[in-house]
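Inspection log for the structure reproduced underneath, given as C-alpha cells.
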Amino acid sequence: MHSTFVSMDIQEIKIETKALEATLSFYTELLGLELLYKSKEHICISVGTSVLTFIKSKGPEHPVYHIAFNIPPGQLQQSIDWLHGKADLLPVTESNVVAAFENWNANAVYFLDNNGNLLEFIARHDLSIASDEPFSGHSILCISEIGVVTEQVPQLANQLISTYELPIFSKQPRADNFTALGDDNGLLILVENRRNWFPTKIPAEKFPLSILIREGLLSRELLF
Numbered sequence: 622m623h624s625t626f627v628s629m630d631i632q633e634i635k636i637e638t639k640a641l642e643a644t645l646s647f648y649t650e651l652l653g654l655e656l657l658y659k660s661k662e663h664i665c666i667s668v669g670t671s672v673l674t675f676i677k678s679k680g681p682e683h684p685v686y687h688i689a690f691n692i693p694p695g696q697l698q699q700s701i702d703w704l705h706g707k708a709d710l711l712p713v714t715e716s717n718v719v720a721a722f723e724n725w726n727a728n729a730v731y732f733l734d735n736n737g738n739l740l741e742f743i744a745r746h747d748l749s750i751a752s753d754e755p756f757s758g759h760s761i762l763c764i765s766e767i768g769v770v771t772e773q774v775p776q777l778a779n780q781l782i783s784t785y786e787l788p789i790f791s792k793q794p795r796a797d798n799f800t801a802l803g804d805d806n807g808l809l810i811l812v813e814n815r816r817n818w819f820p821t822k823i824p825a826e827k828f829p830l831s832i833l834i835r836e837g838l839l840s841r842e843l844l845f
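For what it's worth, the numbering used here labels the leading residue of the sequence shown as 622, then goes sequentially.
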C-alpha cells in the first residue's frame, strides 16, 4: 500500500435531496450548523472541517444516504442528551441505542434527518481529541464516513485502491458486501446494493454522490 499515506480527510460531499428548504431547516435550525451558501438549487453547510452540500434532486427517486460525523470521543453521552428532542435515536438492540464497535475502538449512535438519511455520531477513542465545551452542532469534528453503494464491492474497492492508492481500513477486514477504505479521519464505506444500513432495515441504494477527499496536500473528487 502507498507508503506515504498519512490520513484521509473528507473535505466535502455532495448529495441530493427532494426537500431543500426542509433540509436547510433541519441542519441549520435543529442541529445549529452554519450555512455557507444557498441558492435555489443547492445549499452548502459547514460540518466541522467538512462541507455537506445538498443539491435539489430533479429525478423521481427519493435519495437516501448514510453519513457519519466524528465527535470528540469523550462527548458521546453529551451528544445523546443534546439530540433529545431534536431527533429520535435508533435502537441498535432491543434495549440500547449505543453501538459498540470493539475492533474499531469506537461507539456510535444513529438517527435520521428529514430526508430519511441515516446519520451517525461516532466517537473514535483512538483519536486524542478532547473538548471542554458543552456539546453542540459546533462540536462535530468532520464528516468521517460516507456510504458508497455498488453492485460489486470487491471490484470497486480494487479500482479505488489501484487508482487512488486508498488503503483498506486497518480495523476492518474487507468482505464481498462491505469494505471500508481510509482511516479514522475519513472512510469510504463500500456496501453492496440492497444491503441494509446498520442498524436499520433501510436497504442501501445507489444515488448520485460526489466526494472530495484530501490526502496531505492532494485533493481529489470522486464521482459515483
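All C-beta atoms in this analysis are idealised placements derived from N, C-alpha and C, irrespective of residue type, glycine included. Owing to the predicted nature of the structure, the values given are computational and were not obtained by experimental measurement.
| query | result |
| --- | --- |
| Alpha-carbon spacing of A825 relative to G803, whole angstroms | 20 Å |
| Where V668 sits in the DSSP three-state scheme | strand |
| Rounded separation between L645 and K639 - CA only | 12 Å |
| Bridge partner(s) assigned by DSSP for N728 | A721 and A744 |
| Selected residue, minimal CA-CA separation from L647, among Q699, L843, S783 and L740 | Reading the sequence as shown, one finds Phe at residue 647 and not Leu. Looking at the Cα atoms, L740 is the closest of the given residues. |
| Run of the beta strand (DSSP E) containing Q773, from where it starts to where it stops | Looking at the DSSP string, Q773 is not in any beta strand (DSSP E), and its letter there is neither H nor E. |
| Beta-carbon proximity list for L657, same chain, < 6 Å, skipping 5 on both sides | C665 and S667 |
| D630 burial status per 10 Å Cβ neighbour count (16 or more: buried) | buried |
| Assigned exposure category for L844 - 16 Cβ within 10 Å defines buried | exposed |
| Beta-carbon spacing of R745, D797 below 8 Å | no |
| Counted within 10 angstroms of its Cβ, other Cβ atoms place L839 as buried (16 or more) or exposed | exposed |
| Neighbourhood of V685 by C-beta distance below 8 Å, restricted to the same chain and skipping five residues each side | N736, G737, N738, L739, I823, E826 and F828 |
| Burial state of H623 (16 or more Cβ within 10 Å) | Bear in mind that a pLDDT of 42 at H623, under 50, signals an unreliable position, so the model cannot answer this. |
| Inter-residue Cα distance where the pair is P755 and Q773 | 43 Å |
| CA-to-CA distance, D709 to D702, given in whole angstroms | 11 Å |
| Continuous beta strand (DSSP E) stretch holding A643: start and end | It is not in any beta strand (DSSP E) - A643 instead sits in the alpha helix (DSSP H) that spans L641 to L645. |
| Where G695 sits in the DSSP three-state scheme | helix |
| N691, buried or exposed, once every other Cβ within 10 Å from all chains shown has been counted against 16 | buried |
| Where the beta strand (DSSP E) through E786 begins and ends | Unbroken run through E786: none, as it is neither H nor E. |
| Own chain, CB closer than 6 Å to V857, minus 5 neighbours either side, in chain order | Outside the displayed range of the chain (622 to 845) lies residue 857, so it cannot be described from this structure. |
| S760, buried or exposed, once every other Cβ within 10 Å from all chains shown has been counted against 16 | buried |
| Pair within 8 Å by beta-carbon distance, I634 and T674 | yes |
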